[in-house]
Amino acid sequence: MKRILVTGGAGFLGRHLCERLLSDGHDVLCVDNFFTGSKRNIVEFMDNPYFEVNRHDVCFPLYVEVDEIYNLACPASPIHYQHDPVQTTKTSVHGAINMLGLAKRIGAKILQASTSEVYGDPEIHPQVEGYWGNVNPVGVRSCYDEGKRCAETLFFDYFRQHKLGIKVARIFNTYGPYMHPSDGRVVSNFIVQALENKPITIYGKGEQTRSFCYVDDMINGFIKLMDSPDGFTGPVNLGNPGEFTILELAQKAIDMTGSRSELVFKPLPSDDPTRRCPDISVAKEQLDWEPVVKLDEGLKKTIEYFDTLLSGSTGD
Ligand code: NAD
Ligand code: UDP
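Structure (structure tokens):
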């Protein structure tokens, strides 16, 4: 049994990671300030004596003793990370400094939830880890993109300077049950809109692409990366290489829910990347990892989740 800290553990990915670590027999400490996460996501673990929650903002130092740290704390949806952009940068940068400092003091291994956003609006397709990216440093997405890039820098400097055991995952769009119904990301938006027969909001012409990974595959990738040999740091792309336009996703949401929703076209947000698709050769070779859940199968499970949620509650 390992003692494992999950920052951002009450969010979408954090909640699934805590569940998996508990079921693997570990002692889990979830740290979260509940900005986008919620107690509701983790309430079912509260009776488990091997699960603890600490309401804490990672921008401030944390003193605990654990064997491994998964650093997930950071709002991930554009509407949420742009709500208080200064806090978003602080969360990535101060949060990384604090969690790396903690890891250094206690000799823990630490995994960073980085993002495909480090590639910005990529000129290389599909994106490989060696690509340095095309990021606007002064735009509305920069608080997130540059915050995550700086966090990666800190991770690699702690690795070089302090010989810390680091693992950096570049996560591509991930979806599944326990996304917040008002999260604002495309999969949850489209499913909720389709289930409620409300207009499906396409930003721009809907020709931009994304690659959608089902959450169970992503969590397997996290565990494999954390358990990989000491010499392997990443950065490593984790995502599903299947690439779809936003219009294709909207059509799937309508067809799979039998919805009467119509498409409405809204302005494309500033700096919205045109294409995004991971090259996962490194993950395949180094981690023996690749996603196994097809988009239709993952959407079906996600639709079932939201259908139950929307019919049973207001989804606070
Ligand atoms: P989420 O918004 O559901 O979860 C983030 C969690 O972090 C929430 O519980 C939130 O309350 C918490 N948090 C935010 N700021 C905090 C702070 N200062 N101190 C403590 N807790 C704080 O998002 P998610 O989809 O679960 O993403 C988790 C991580 O994975 C994030 O770091 C995100 O950048 C990264 N990521 C996610 C995706 C994706 O598609 N889901 C893609 C790329 C990267
Ligand atoms: N998008 C959309 N309608 C929505 C929400 C998002 O068309 O209601 C688009 C958005 O402009 C982007 C893509 O879907 O091109 C993915 O957006 P999301 O916020 O999920 O994540 P991103 O990959 O942009 O961080």
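Read in order, the letters of the sequence shown correspond to residues 11 to 326 in the working numbering.
The beta carbon of each residue, even a glycine, is placed where N, CA and C say it ideally should be.
What you are looking at is a predicted structure, and each value in this text was computed from that prediction instead of being measured.
Give the secondary structure of residue i by DSSP, where H, G and I count as helix, E and B as strand, and everything else as coil.
| i | result |
| --- | --- |
| T125 | strand |
| G105 | helix |
| I290 | coil |
| V196 | helix |
| F275 | strand |
| E162 | helix |
| Y168 | helix |
| D317 | helix |
| D265 | helix |
| D326 | Its pLDDT being 48, under 50, D326 is placed unreliably by the model, and the measurement read from it follows with that caveat. Looking at D326 - three-state DSSP - the assignment turns out to be coil, as it is neither helix nor strand. |
| N247 | strand |
| L39 | strand |
| G130 | strand |
Should residue i be labelled buried (16 or more other beta-carbon atoms within 10 Å of its own) or exposed?
| i | result |
| --- | --- |
| P43 | Here residue 43 is Asn; the residue named in the question, Pro, does not match the sequence. Counting Cβ neighbours within 10 Å, N43 comes out buried, since at least 16 surround it. |
| P245 | buried |
| N1 | The requested residue 1 is not part of the displayed model; the chain covers only 11 to 326. |
| T46 | buried |
| K158 | buried |
| R115 | exposed |
| S321 | exposed |
Does any heavy atom of the ligand NAD sit closer than 7 Å to the C-beta of residue i?
| i | result |
| --- | --- |
| N43 | yes |
| N247 | no |
| L82 | yes |
| V68 | yes |
| T255 | no |
| S152 | no |
Do the CB positions of residue i and residue j come within less than 8 Å of each other?
| i | j | result |
| --- | --- | --- |
| E6 | R180 | Because the chain spans 11 through 326 in this model, residue 6 falls outside it and cannot be assessed. |
| D193 | S87 | yes |
| R286 | T219 | yes |
| G216 | I176 | no |
| F222 | N247 | no |
| L39 | V68 | no |
| D281 | R151 | yes |
| E165 | L110 | Per the sequence shown, residue 165 should be read as Phe rather than Glu. Yes, these two residues count as a Cβ contact at 8 Å. |
| G308 | G186 | yes |
| L82 | G143 | no |
| I52 | V41 | no |
| D155 | V197 | no |
Say yes only if the C-beta of residue i is nearer than 7 Å to one or more non-hydrogen atoms of the ligand UDP, and no if none qualify.
| i | result |
| --- | --- |
| D77 | no |
| P218 | In the sequence as presented, Pro is not what sits at residue 218; that position holds Gln. Within the cutoff, so yes. |
| T211 | yes |
| R285 | no |
| G149 | no |
From the options, pick the residue whose C-alpha is nearest to that of residue i; which is it?
| i | options | result |
| --- | --- | --- |
| K304 | Y315, F55, L319 and D227 | D227 |
| C160 | T99, E29 and D131 | T99 |
| I290 | A106, G24, R13 and P136 | P136 |
| R30 | K173, V225 and G149 | V225 |
| D317 | V128, P279 and A263 | A263 |
| T267 | V145, F200 and V63 | F200 |
| K12 | Q122, K311 and M236 | M236 |
| A48 | P71, G21 and V41 | The residue you asked about is not Ala; residue 48 is Ser in the sequence shown. Minimum Cα distance to S48 is reached at G21. |
| L297 | Y213, S238, L174 and C28 | S238 |
Any heavy atom of the ligand SAM within a distance shorter than 7 Å of the CB on residue i?
| i | result |
| --- | --- |
| V196 | For the structure depicted, the ligand SAM is absent and the ligand set comprises only the ligand NAD and the ligand UDP. |
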